[in-house]
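J.: A single structure is presented below for examination.
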Amino acid sequence: GDSVTQMEGPVTLSEEAFLTINCTYTATGYPSLFWYVQYPGEGLQLLLKATKADDKGSNKGFEATYRKETTSFHLEKGSVQVSDSAVYFCAPPRGTGFQKLVFGTGTRLLVSP
Amino acid sequence: GAVVSQHPSRVICKSGTSVKIECRSLDFQATTMFWYRQFPKQSLMLMATSNEGSKATYEQGVEKDKFLINHASLTLSTLTVASAHPEDSSFYICSAPDVTGENEKLFFGSGTQLSVL
């Protein structure tokens, strides 16, 4: 079945450092790809999405490009802040909709001042 | 904005007891909700799809007699872990899609950490 591989955490960075969280998936032909974020004590929320191959999703300084040829959707941010400390999930959809998702293990990011 | 409320956030119980977890959509109606669980260092795995007014749809390998799902109203789905055992200890999270607006969105609860002693 479909699966997603994310880099293991925790990822520990200093403020203003560059962030990359790798994500690769096994299936092809996803209509969209998503990154979700869970801040402490809160529910998962959509961080960004890409709706087709080569599309770049961006939000709050985070970016990810849908790379069909490498089946990857790596998350990047040029300068992280303490407030970015959270758990990040790469989550392509199951099937053609957006409601059911295939999750990676999640990557915990810890940013220190 | 729309919010999904999940309670309790943490529960510790003795083996053999039943535990109920609630998932509520606070300002939208959800005919469908989803339940996931996550074991340590593993992925969030879809357990079942909760359907308002009808039976839940379970994923392969999920025991429907162990994980009882009730979606009695358009804003509430409950997951009951029947006769919980230590191997049921996990993180459970629900999600609900809001399809009423122009931009359909998926909202998640904050999760429930279940520990069975």
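For the record, the sequence lines run as chains X and W. Here my numbering is used: the first residue of the first sequence is -8, the next is one more, and so on. Here my numbering is used: the first residue of the second sequence is 12, the next is one more, and so on. Beta carbons: idealized from backbone N, C-alpha and C, even for Gly.
Any beta carbon from chain W within less than 8 Å of X/Glu54's own beta carbon?
T.: So no, X/Glu54 is outside the interface.
J.: Can you have a look at X/Phe106 and say buried or exposed, based on whether 16 or more other CB atoms are within 10 angstroms of its CB?
T.: Lying outside -8 to 104, the shown extent of chain X, residue 106 of chain X is not represented and no answer is given.
J.: CB-CB under 6 Å to X/Lys68, same chain, minus the five flanking residues each way: which ones, in chain order?
T.: Here the set comprises Leu10, Gly52 and Phe53.
J.: What does a CB cutoff of less than 6 Å around W/Thr42 pick up in its chain, not counting 5 residues either side in sequence?
T.: Glu63
J.: Would you report the Cα separation of W/Thr123 and X/Thr96, rounded to the nearest angstrom?
T.: 17 Å
J.: Can you tell me whether DSSP reads X/Val73 as helix, strand or coil?
T.: helix
J.: Between W/Ile23, W/Arg35 and W/Thr68, which has its C-alpha nearest W/Asp109's C-alpha?
T.: W/Arg35
J.: Is W/Glu70 helix, strand or coil by DSSP?
T.: coil
J.: I'd like the list of long-range same chain contacts for W/Lys31, defined as Cβ closer than 7 Å, with 5 residues on each side in sequence excluded.
T.: Thr89 and Thr91
J.: Closer than 8 Å, CB to CB, is W/Leu85 near chain X or not?
T.: Not flagged as an interface residue toward chain X: W/Leu85, since no C-beta distance is shorter than 8 Å.
J.: Identify, in the order they occur along the chain, each residue of the same chain with its Cβ nearer than 8 Å to the Cβ of W/Ser100, setting aside the five sequence neighbours on each side.
T.: Leu125, Ser126 and Val127
J.: Is the CB-CB distance between X/Gln90 and W/Phe45 below 8 Å?
T.: yes
J.: So, for W/Ser26: in the same chain, excluding its five sequence neighbours on each side, which residues have a beta-carbon less than 6 Å away from its beta-carbon?
T.: His96 and Val127
J.: With DSSP run on the structure shown, which of helix, strand or coil describes W/Glu113?
T.: coil
J.: Along chain X, which residues have their Cβ under 9 Å away from the Cβ of W/Gln124?
T.: Neighbours of W/Gln124 on chain X: none; closest Cβ ~12 Å, over 9 Å.
J.: How about X/Asp(-7) and X/Tyr16: are their beta carbons less than 8 Å apart?
T.: A distance below 8 Å separates the beta carbons of X/Asp(-7) and X/Tyr16.
J.: Check each residue of the stretch 29 to 55 of chain X: if its Cβ is closer than 9 Å to any Cβ of chain W, include it; give the result in chain order.
T.: Legend: CB atoms of the stretch 29 to 55 of chain X lying less than 9 Å from CB atoms of chain W belong to residues Gln29, Gly32, Glu33, Gly34, Leu35, Gln36 and Leu37.
J.: Given a cut-off of 8 Å, decide if X/Leu66 and X/Cys14 are closer than it, judged by their beta-carbon atoms.
T.: yes
J.: Taking X/Ala77 as the reference, give the member of X/Thr(-4), X/Val(-5) and X/Thr3 with the closest Cα.
T.: Distances from the CA of X/Ala77 to each of X/Thr(-4), X/Val(-5) and X/Thr3 were compared; the closest alpha carbon is that of X/Thr3.
J.: Give the secondary structure of X/Pro84 by DSSP, where H, G and I count as helix, E and B as strand, and everything else as coil.
T.: strand
J.: Considering just the uninterrupted stretch of the beta strand (DSSP E) at X/Lys47, what are its terminal residues?
T.: Note, X/Lys47: beta strand (DSSP E), Lys47 to Asn50.
J.: Where are the beta strand (DSSP E) runs, 3 residues long or more, that stay fully inside the stretch 13 to 48 of chain X, in chain order?
T.: Listed in chain order, the complete beta strand (DSSP E) runs (minimum 3 residues) inside the stretch 13 to 48 of chain X are 14 to 16, 24 to 29 and 36 to 41.
J.: Which residue or residues does DSSP assign as beta-bridge partners of W/Ser16?
T.: W/Arg35
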